[in-house]
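Chemist: Residue numbers (mature numbering (1 follows the signal peptide of the UniProt record, and there is no 0)): -19 to -1, 1 to 353.
Idealized CB from N, CA, C, for every residue including glycine.
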Amino acid sequence: MKKVLIITLMLCLSATAFAEIRLGALFAVTGPTSFLGNPEKLTVEMLVDQINDAGGINGEKIKLFVYDTQGREDRAISYFKRLATKDRVLAVLGPSRTGCALAIKNLAIRYKVPFIACAASATIVEPANAFIYKTPQSDIHVAEKLFDHLKSKGKTNVALISAQSGYGATGRDAVLQNAERFGINIIADEKFMDTDKEMTAQLSKIKDKNVDAVICWAAGAAPAIVARNAKALGMNNIYMTQGIASRKFIELAGDAAEGVKLTAGRLIVADKLDDTDRFKTMLMKYKTDYESKFGGSVSVFGGHAYDAFGLFAAAVAKSGKDPVKLANELQQIKGFMGTAGEFNMSNSDHTGLSKDSFIIAEIKNGEFVPAE
């Protein structure tokens, strides 16, 4: 009888220990892309605290496991395996970079652990798989939004300068493959390495072709160098992507940031939106919560994590702690209002956004504002 009581007690303690929702996260918290991963980590930690303080999901608290990839693919692979096998998480948020997300795709499928990436490339979710999702708008949406804007301004002769990285390469493909159908002529196509410290040679070639505008497709410190080099050459009409949608770019580029336009979610101009904008209340709550807790400015990169966590929470509330059911719930989400836009997932679309989720922003007097 005593032995039965001991076994029963052990089973009860075991059940109690796992009466929680185990969630993993892989972010580039330190290293050269910490401007992506650190706000993502802080955002998810804040949201987990908020939801746990409110009683959790279906009465269960979330236990969060966060690992720092430093933006490295080998670390993303190693930590994903740890999350899946040792930590036994239900799902993983992140990684921060496209290369890291691509590196763990097959692992997510093998271990049947869904992940919601905070990286942008469409190749992450193509072809669609029930265990793989992402929250940033895809390259094609960026290209389409840029082309629409350029065409409306009569700027049809355009140059492209892109980073030789996962993000830059897939962005370059999106531009080159879709420009013609929008009536945009790509008359220069230059590249640089993410680690390059000078892009004057490439920009000088572009300047000689007398283009209407320049699209720079890159993230990290490199776009700030492009902006400074372009300013030194007297070049205007520089367009970039959400890869620069944080104050870090403005700090790095200095006065060369002035006048740069970019595709971005509404978050970076949340306080400048009209009060009738249906996203404003949600965006301002996130912005206020984040900035009051951590100081500094909210960024779209933290917003990607905000959306990833929101999608996870919405799906797990219906699926319970079954990863296969969770994966199926994720691809059925409709009308989810996130910082990047309205998410409408399907079996074939695991981003669920369109070009309409973007705005064109401009940097004026050191601030992001909606472009005219």
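(1) Starting from the Cα of R63, find the closest Cα among G246, Y48 and M263 and give me that residue.
(2) Apart from the five residues on each side of it in sequence, which residues of its chain come closer than 7 angstroms, Cβ to Cβ, to M216?
(3) Inspect the beta-carbon positions of S119 and G246 and report whether they are closer than 8 angstroms.
(4) Where do the ends of the alpha helix (DSSP H) carrying A182 lie?
(5) Report, in whole angstroms, the separation of the C-beta atoms of residue 420 and L7, which I expect to be a contact under 8 angstroms.
(6) Which complete beta strand (DSSP E) runs does the segment 202 to 247 hold, if anything under 3 residues is left out?
(7) If I measure Cβ to Cβ from residue 386 and keep anything under 6 angstroms in the same chain, skipping five residues before and after, which residues do I get?
(8) What distance in whole Å lies between the Cβ atoms of A124 and N159, which are believed to be in contact at a cut-off of 8 angstroms?
(9) Leaving aside the five residues before and after S278 along the sequence, list all residues of the same chain whose C-beta is less than 6 angstroms from its C-beta, in chain order.
(10) Return yes when at least one heavy atom of the ligand GDP lies under 7 angstroms from the C-beta of L74, else no.
(11) What alpha helix (DSSP H) runs, 4 residues minimum, are completely inside the segment 268 to 317?
(12) To the nearest angstrom, report how far apart T269 and D288 are at their CA atoms.
(13) Expressed to the nearest angstrom, what Euclidean distance is found between the alpha-carbon atoms of K86 and I38?
(14) Classify A213 as buried or exposed, calling it buried when 16 or more other Cβ atoms lie within 10 Å of its own Cβ.
(15) Do you know whose CA, among K336, S335, A342 and S327, lies nearest F112's CA?
(16) What does the Cβ neighbour count give for A(-1), buried or exposed, with the cut at 16 atoms within 10 Å?
(17) Within this structure, are the beta carbons of T137 and L248 separated by less than 8 angstroms?
Modeler: Concretely, from the data shown:
(1) Here the question's residue 63 lines up with position 82 in the sequence shown. Closest option to R63, Cα to Cα, is Y48.
(2) Residue 216 sits at position 235 when you count from the first residue of the sequence shown. Within the same chain, M216 has close Cβ partners L184, K188 and V195.
(3) In the sequence shown, counting from the first residue as 1, residue 119 sits at position 138. In the sequence shown, counting from the first residue as 1, residue 246 sits at position 265. No, the Cβ-Cβ distance between S119 and G246 is not below 8 angstroms.
(4) For the purposes of this step, residue 182 is taken as residue 201 along the sequence shown, with counting starting at 1. Start and end: T181 to D189.
(5) The structure shown has nothing for residue 420, since the chain only spans -19 to 353.
(6) 219 to 221 and 242 to 245
(7) Here the chain comprises residues numbered -19 to 353, so residue 386 is not present and cannot be evaluated.
(8) Here the question's residue 159 lines up with position 178 in the sequence shown. Here the question's residue 124 lines up with position 143 in the sequence shown. Rounded, the Cβ-Cβ distance is 5 angstroms, consistent with contact.
(9) Within the sequence shown, numbered from 1, the residue matching residue 278 stands at position 297. Counting only Cβ-Cβ distances below 6 angstroms, and skipping sequence neighbours, we find R228.
(10) As for the ligand GDP, it is missing from this structure, which has no ligand bound.
(11) 281 to 300 and 304 to 311
(12) The sequence position of residue 269 within the sequence shown is 288, counting from 1. The sequence position of residue 288 within the sequence shown is 307, counting from 1. Answer to the nearest angstrom: the Cα atoms are 16 angstroms apart.
(13) Position 105 of the sequence shown, counting from 1, holds the residue named residue 86. Position 57 of the sequence shown, counting from 1, holds the residue named residue 38. Going by the C-alpha atoms only, they are around 27 angstroms apart.
(14) Indexing the sequence shown from 1 puts residue 213 at position 232. That one is exposed.
(15) As a first step, residue 112 must be located in the sequence shown, where it is residue number 131. Of K336, S335, A342 and S327, the residue nearest in Cα terms is S327.
(16) Looking up residue -1 in the sequence shown gives position 19. Answer is exposed; the Cβ neighbour count stays below 16.
(17) The residue you call residue 137 lines up with position 156 of the sequence shown. The residue you call residue 248 lines up with position 267 of the sequence shown. Result no, Cβ atoms of T137 and L248 do not sit closer than 8 angstroms.
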